[in-house]
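Asker: Quick one: this structure, given as structure tokens, is what I'll be asking you about.
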Amino acid sequence: MVGLLMSAPTLLSPRPAPTPAPARATPAPARGSSAVLMALRDRAALVCDAELRRLATRVPELDARSHDEVGRAVQRVVDAFFGGDLGRRVARDARLADALRVLFSLDPSGGRS
Numbered sequence: 871m872v873g874l875l876m877s878a879p880t881l882l883s884p885r886p887a888p889t890p891a892p893a894r895a896t897p898a899p900a901r902g903s904s905a906v907l908m909a910l911r912d913r914a915a916l917v918c919d920a921e922l923r924r925l926a927t928r929v930p931e932l933d934a935r936s937h938d939e940v941g942r943a944v945q946r947v948v949d950a951f952f953g954g955d956l957g958r959r960v961a962r963d964a965r966l967a968d969a970l971r972v973l974f975s976l977d978p979s980g981g982r983s
């Protein structure tokens with residue numbers, strides 16, 4: 871406890887500003903990367919909607935409030951998936967964009983192949 875109190879002033883003392891990192895060239899986005907991400911998001915929305923309809927059919931006694939909460943939970947999962955650095959990675963790597971297109975049978979226009 872004494873050690874913690876003694877080190878407190880150093881935690882609050884001002885620190886010198888960090889030196890900025892040297893500027894790096896931003897890679898050009900991979901061709902079609904935004905279309906792949908949009909198509910993947912569209913596919914996720916279709917799957918979520920279908921599963922929520924299935925839930926309503928399988929559990930008809932589920933009230934609207936609970937159904938909406940499940941929908942929000944599923945949306946949080948989708949948002950977390952897309953909220954990471956997936957977009958940056960796909961934008962930098964045309965092979966990843968192509969792999970996603972093939973893996974999920976995506977049509978760059980946003981529909982299914």
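Numbering (the working numbering), first residue to last: 871 to 983.
Idealized CB from N, CA, C, for every residue including glycine.
Measuring only the C-alpha atoms, how far is ALA915 from GLU931?
Answerer: Approximately 24 Å between the Cα atoms of the pair.
Asker: Tell me which residues share the same chain as LEU907 and place their Cβ nearer than 7 Å to its Cβ, disregarding the 5 neighbours each side in the sequence.
Answerer: So the qualifying residues of the chain are GLY957, VAL960.
Asker: Alpha carbon to alpha carbon, how far is ASP919 from VAL940?
Answerer: For ASP919 and VAL940, the distance between alpha carbons rounds to 11 Å.
Asker: Check each candidate in SER904, SER903, ARG911 and name the one with the smallest Cα separation from GLN945.
Answerer: Residue ARG911 is the option with its Cα nearest to GLN945.
Asker: Quick check: ALA943 and SER903, are their CB atoms within less than 8 Å of each other?
Answerer: No, the pair does not count as a contact, with Cβ atoms beyond the cut-off.
Asker: Quick one: residues in its chain with C-beta nearer than 8 Å to the C-beta of HIS937, no 5 flanking neighbours on either side, listed in chain order?
Answerer: Hits under 8 Å: LEU922, LEU925, ALA926.
Asker: Does ALA969 pass the burial test, meaning 16 or more other C-beta atoms within 10 Å, or should it be called exposed?
Answerer: Counting Cβ neighbours within 10 Å, ALA969 comes out exposed, since fewer than 16 surround it.
Asker: Rounded to the nearest angstrom, what separates ALA934 and ALA964 at their Cα positions?
Answerer: ALA934 and ALA964: Cα-Cα distance of roughly 42 Å.
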